[in-house]
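*Asks:*
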Amino acid sequence: MVRVRFAPSPTGPLHIGGLRTALFNFLFARKNNGKFILRIEDTDQLRYVPGAEDYIIESLRWVGLDYDEGPDVGGPKGPYRQSERVEIYRKYAQELVDKGWAYYAFDTPEELDAMRQRLREARSPVQLYNHITRSEMKNSFTLSESEVKERIESGEPYVIRFNMPADRQIVVHDIIRGEVKVNSNTLDDKVLFKSDGFPTYHLANIVDDHLMEISHVIRGEEWLPSLPLHVLLYEAFGWESPQFAHLPLILKPNGKGKLSKRDGDQMGFPVFPLDWTDPKTGEKIRGYREWGYLPEAVINILAMLGWNPGTDQEIFTLDELIEQFSLERVQKSGAKFDPDKARWFNQQHLRRKSNEELAGMFRPILQLQGIEVDDRYLLRVIELLKERVEFVEDFWTKGYFFFEAPRSYDPKGVKKAWKEQTPQIMRELKEKIIQIQDFTSENIERELKQWIESKGLSFSKVFTPLRLLVQGSTSGPHLFDMLELIGKDEIIKRIEYGIENIKK
RNA sequence: GCCCGGUUCGUCUAGUGGUUAGGACGCCAGGUUUUCAACCUGGAGGUCACGGGUUCAAGUCCCGUACCGGGUGCCA
1074 MVRVRFAPSP
1084 TGPLHIGGLR
1094 TALFNFLFAR
1104 KNNGKFILRI
1114 EDTDQLRYVP
1124 GAEDYIIESL
1134 RWVGLDYDEG
1144 PDVGGPKGPY
1154 RQSERVEIYR
1164 KYAQELVDKG
1174 WAYYAFDTPE
1184 ELDAMRQRLR
1194 EARSPVQLYN
1204 HITRSEMKNS
1214 FTLSESEVKE
1224 RIESGEPYVI
1234 RFNMPADRQI
1244 VVHDIIRGEV
1254 KVNSNTLDDK
1264 VLFKSDGFPT
1274 YHLANIVDDH
1284 LMEISHVIRG
1294 EEWLPSLPLH
1304 VLLYEAFGWE
1314 SPQFAHLPLI
1324 LKPNGKGKLS
1334 KRDGDQMGFP
1344 VFPLDWTDPK
1354 TGEKIRGYRE
1364 WGYLPEAVIN
1374 ILAMLGWNPG
1384 TDQEIFTLDE
1394 LIEQFSLERV
1404 QKSGAKFDPD
1414 KARWFNQQHL
1424 RRKSNEELAG
1434 MFRPILQLQG
1444 IEVDDRYLLR
1454 VIELLKERVE
1464 FVEDFWTKGY
1474 FFFEAPRSYD
1484 PKGVKKAWKE
1494 QTPQIMRELK
1504 EKIIQIQDFT
1514 SENIERELKQ
1524 WIESKGLSFS
1534 KVFTPLRLLV
1544 QGSTSGPHLF
1554 DMLELIGKDE
1564 IIKRIEYGIE
1574 NIKK
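Residue 1221 in the working numbering is what sits at position 148 of the first sequence, and the numbering runs on without skipping anything.
(1) Contact check, Ile-1249 vs Ala-1166 under 8 Å by CB: the rounded distance?
(2) Tell me the residue span of the alpha helix (DSSP H) that contains Gly-1571.
(3) Using a Cβ-Cβ cut-off of 7 Å (strictly less than) and excluding sequence neighbours within five positions of Phe-1271, which residues of its own chain qualify?
(4) Apart from the five residues on each side of it in sequence, which residues of its chain come closer than 6 Å, Cβ to Cβ, to Asn-1574?
(5) Apart from the five residues on each side of it in sequence, which residues of its chain come closer than 8 Å, Cβ to Cβ, to Ile-1388?
(6) Is the number of C-beta pairs between the region 1396-1412 and the region 1320-1335 that are closer than 8 Å three or more?
(7) Going by beta carbon distance, what residues of the same chain come within less than 8 Å of Glu-1294, once the five residues before and after it are set aside?
(8) If you measure from the CB of Tyr-1153, is any heavy atom of the ligand ADP nearer than 7 Å?
(9) Quick check on the burial criterion: 16 or more other C-beta atoms within 10 angstroms. Buried or exposed for Glu-1142?
(10) Determine whether the beta carbon atoms of Phe-1398 and Leu-1100 lie at a separation below 8 Å.
(11) In the DSSP output, which residue or residues are listed as bridge partners for Val-1255?
(12) Could you tell me if Pro-1437 is buried or exposed, where buried requires 16 or more neighbouring beta carbons within 10 angstroms of its beta carbon?
(13) State the beta-bridge partners of Glu-1142 as determined by DSSP.
(14) So His-1319 is in the alpha helix (DSSP H); what residue range does that whole segment cover?
(15) Pick out whichever of Tyr-1366, Asp-1269 and Pro-1123 has its Cα sitting closest to the Cα of Glu-1229.
(16) Among Asp-1281, Asn-1203 and Lys-1263, which has the Cα closest to the Cα of Ile-1110?
(17) So what does Gly-1360 bridge to, in DSSP terms?
(18) My parser needs the beta strand (DSSP E) runs of 3 or more residues fully inside the region 1454-1481; what are they?
(19) Between Glu-1363 and Asp-1348, what straight-line distance do the alpha-carbon atoms span, to the nearest angstrom?
(20) Which two residues bound the contiguous alpha helix (DSSP H) that contains Ile-1089?
(21) Taking contact to mean at least 3 C-beta pairs separated by less than 8 Å, is the region 1236-1254 in contact with the region 1177-1187?
(22) Spell out the partners DSSP gives Ala-1408 in its beta bridges.
(23) Can you tell me the Cα-Cα spacing of Lys-1263 and Leu-1400, whole angstroms?
(24) Using 8 Å as the threshold, is the C-beta distance between Val-1077 and Gly-1124 below it?
(25) Can you tell me whether DSSP reads Trp-1380 as helix, strand or coil?
(26) Using only the alpha-carbon positions, how far apart do Glu-1218 and Leu-1378 sit?
(27) Can you list the alpha helix (DSSP H) stretches of 4 or more residues lying completely in the region 1388-1457, in chain order?
(28) Given Leu-1284, which residues of its chain have a CB within under 8 Å of its CB, disregarding the five upstream and five downstream residues?
(29) Just the Cα atoms here: how many angstroms apart are Phe-1435 and Ser-1314?
(30) Using 8 Å as the threshold, is the C-beta distance between Ala-1478 and Thr-1547 below it?
(31) DSSP three-state label for Phe-1179, please.
(32) Among all the DSSP beta bridges, which residues are the ones paired with Val-1232?
(33) What are the start and end residues of each continuous alpha helix (DSSP H) run of 4 or more residues lying completely inside the region 1189-1231, in chain order?
(34) Determine the contact status of Val-1146 and Leu-1092, defining contact as a CB-CB distance below 8 Å.
(35) To the nearest angstrom, how far is it from the Cα of Leu-1552 to the Cα of Ala-1370?
(36) For Ile-1161, write down the residues that DSSP places opposite it in a beta bridge.
As structure tokens, then:
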């Protein structure tokens, strides 16, 4: 039985790197008829951010990554919030102490700093709390059993550290990267249980993955260095280890490093699925959703960052991804995020939507403008604009003139199309348009072209200024379809108004 | 510093010892269009990080170096 989990910690808004980890877990679970579990890793009291958990849940829901078990939906292996499981971790930490795999330590943060500082100054290649240095610190190795007991009973703060064995060659296996070998001497006695009564990630993670019967741990590459520790923890408990897959990181588009919080607003693309307002600073960051991205597009963008099907297919629905996903085809190297391609994905998915769906998404934007239109008109507008739009908002920015007369005229367009003789031509054109009885696209085109030819004018001398008058700029949708849709009376009004108001 | 991982057009990538190194985004040009977009056709863009091996043959296997990234916390 495949059981995988997405285990974010609620220290801020979910980042798209995290969302991709969730996606790959989800795809793997669905592909293998397994379970996808959401677990909230809120063991850090200091970094806890109110609202972050709700944000995570809402984000997953928005993109359609439904989980089978989780804090809000429950499940047989709950609770799914680590803060509600502290007693469990305490018990297992104790078990490791009893078995000799862990020990008590009483060093203060200052003492730890001093130790690292000293080692650095001594040019020691490693500055670790390990099998060598622990003999100089305050812990179960240096204190007598009774003194340890006494300190604990007197309420002195303590932590429980892992007893990292010396000189062990650890070989771990990763589905994406193959074998990774590490010597335990480069590892340290990690804190497993903190003095605040909470476990660290390492302990809680292993205990929960075991108790929740997780079969595959699919997580970001930043966890690869702690994999040997985790494997040793499974050994210490005598548990069978799940399989591991470490996903490549998503990197900044230009420049270096992991994609992070502020990159988005600076470089003109979102880094978070939804809008987020920092509860402390009040700072607002825009999300994919509010930016106008379709959830389908976000899924597609993330799926293609670090995975590919091995075919030329690039546009996928979630179901198609489930069908074709495999961990074996996940890339080893980090992928730079490409904002241009992200836009392209959105455009592709937008075009695959029905006109009715698009109308449903566009109407709220119109309502914001105080505009009410009937469905037939709206659907025609969408039909005319659909191929030239990347985001839903573009229906407004590129088509507002279907709903109201242009308020201004694009200066470049005016310069290009509005010549000395143009007002006179437009006056005559207006008279011609008044005469057109059958005001349909096809007929308007035929009659106007005939008229232009009979006057010995060129199409562009007439049509470009006409377009300018009707829509305020010189590039846009099919001219005659647009004229038909806007209607004869309104067209005439716009021509009259424009002739008076465009100055040359 | 130390540990781990990575390295194919600007970007995402195909490629598993023998290919003119393929596709997509973006860019450029032509076609189409009253215009722009879309679409179609074409183009530029890669000494497969570098250096050494192994082999009749290496982007593909091995070693070293460089560079990039991650980790190195009582953070996850």
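Virtual Cβ for every residue (Gly too), placed ideally from N, Cα, C.
*Replies:* With the structure as the only source:
(1) Translated into positions along the first sequence, residue 1249 becomes position 176. Translated into positions along the first sequence, residue 1166 becomes position 93. The Cβ separation is near 31 Å, so there is no contact.
(2) Your numbering for residue 1571 matches position 498 in the first sequence. Under the DSSP assignment, Gly-1571 falls in the alpha helix (DSSP H) whose first and last residues are 1561-1574.
(3) Against the first sequence, residue 1271 aligns to sequence position 198. If the five residues before and after Phe-1271 are omitted, its C-beta is found closer than 7 Å to the C-beta atoms of Thr-1116, Gln-1118 and Val-1159, all from its own chain and listed in chain order.
(4) The residue labelled residue 1574 in the question sits at position 501 within the first sequence. Nothing meets the Cβ criterion.
(5) In the first sequence, counting from the first residue as 1, residue 1388 sits at position 315. So the list reads Asn-1373, Phe-1418, Gln-1421, His-1422 and Arg-1425, once near-sequence residues are dropped.
(6) Taking 8 Å as the limit for Cβ pairs, the verdict is that the region 1320-1335 does touch the region 1396-1412.
(7) As a working note, residue 1294 is residue 221 in the first sequence. Excluding positions up to five away in sequence, the list reads His-1319, Leu-1320, Pro-1321, Leu-1322 and Gly-1407.
(8) As far as ligands go, the structure on display features none, and thus does not contain the ligand ADP.
(9) Along the first sequence, one-based indexing puts residue 1142 at 69. Burial is judged here by how many other beta carbons sit within 10 angstroms of a residue's own beta carbon; Glu-1142 has at least 16 and is buried.
(10) The sequence position of residue 1398 within the first sequence is 325, counting from 1. The sequence position of residue 1100 within the first sequence is 27, counting from 1. Contact flag set, yes.
(11) Walking along the first sequence from the start, residue 1255 turns up at place 182. Paired residues: Ile-1243.
(12) Here residue 1437 refers to the residue found at position 364 when the first sequence is read from its first residue. The residue is exposed, with fewer than 16 neighbouring Cβ atoms inside 10 Å.
(13) Within the first sequence, the letter at position 69 stands for residue 1142. Paired residue(s): Ile-1110.
(14) One-based indexing of the first sequence puts residue 1319 at position 246. No alpha helix (DSSP H) contains His-1319, which is instead part of the beta strand (DSSP E) from 1316-1320.
(15) Position 156 of the first sequence, counted from the first residue, corresponds to residue 1229. Of the candidates Tyr-1366, Asp-1269 and Pro-1123, the one whose C-alpha sits nearest the C-alpha of Glu-1229 is Asp-1269.
(16) Reading the first sequence from its first residue, position 37 is the one you call residue 1110. The option with the nearest alpha carbon to Ile-1110 is Asp-1281.
(17) Counting from 1 along the first sequence, the entry for residue 1360 is found at position 287. Answer by DSSP bridge pairing, in chain order: Phe-1345.
(18) You should have found no qualifying run.
(19) Against the first sequence, residue 1363 aligns to sequence position 290. Against the first sequence, residue 1348 aligns to sequence position 275. Straight across, the Cα-Cα distance linking Glu-1363 with Asp-1348 is about 6 Å.
(20) For the purposes of this step, residue 1089 is taken as residue 16 along the first sequence, with counting starting at 1. Residues 1089-1104.
(21) Here the region 1236-1254 makes no contact with the region 1177-1187; the two share fewer than three CB pairs at distances below 8 Å.
(22) Numbered from 1 along the first sequence, position 335 holds the residue referred to as residue 1408. Ile-1323, per the DSSP bridge assignment.
(23) On the first sequence, residue 1263 is found 190 positions in, with the first residue counted as 1. On the first sequence, residue 1400 is found 327 positions in, with the first residue counted as 1. Taking the straight line joining both Cα atoms gives about 30 Å.
(24) Translated into positions along the first sequence, residue 1077 becomes position 4. Translated into positions along the first sequence, residue 1124 becomes position 51. Not closer than 8 Å, so no.
(25) Here residue 1380 refers to the residue found at position 307 when the first sequence is read from its first residue. Assigned with DSSP and collapsed to three states, Trp-1380 falls in strand.
(26) Stepping through the first sequence from its first residue, residue 1218 is reached at position 145. Stepping through the first sequence from its first residue, residue 1378 is reached at position 305. Spanning the two alpha carbons is a distance of roughly 53 Å.
(27) The DSSP assignment places complete alpha helix (DSSP H) segments of no fewer than 4 residues inside the region 1388-1457 at 1391-1397, 1412-1424 and 1428-1441, in order along the chain.
(28) Numbered from 1 along the first sequence, position 211 holds the residue referred to as residue 1284. Non-local C-beta neighbours of Leu-1284 in its own chain, meaning closer than 8 Å and more than five positions away in sequence, comprise Lys-1150 and Ile-1161, ordered along the chain.
(29) Residue 1435 sits at position 362 when you count from the first residue of the first sequence. Residue 1314 sits at position 241 when you count from the first residue of the first sequence. Cα-Cα distance, rounded: 50 Å.
(30) On the first sequence, position 405 is the one that residue 1478 refers to. On the first sequence, position 474 is the one that residue 1547 refers to. No; because the gap between Cβ atoms is not below 8 Å, this pair is not in contact.
(31) Indexing the first sequence from 1 puts residue 1179 at position 106. Here Phe-1179 sits in coil by DSSP.
(32) The sequence position of residue 1232 within the first sequence is 159, counting from 1. Paired residue(s): Ala-1178.
(33) Listed in chain order, they are 1218-1226.
(34) Position 73 of the first sequence, counted from the first residue, corresponds to residue 1146. Position 19 of the first sequence, counted from the first residue, corresponds to residue 1092. Cβ atoms of Val-1146 and Leu-1092: not closer than 8 Å.
(35) Residue numbering aside, residue 1552 sits at position 479 when the first sequence is read from its first letter. Residue numbering aside, residue 1370 sits at position 297 when the first sequence is read from its first letter. Distance from the CA of Leu-1552 to the CA of Ala-1370, rounded to the nearest whole angstrom, comes to 31 Å.
(36) Sequence index remark: in the first sequence, residue 1161 carries index 88 (1-based). Looking at the DSSP output, Ile-1161 shares a beta bridge with no other residue.
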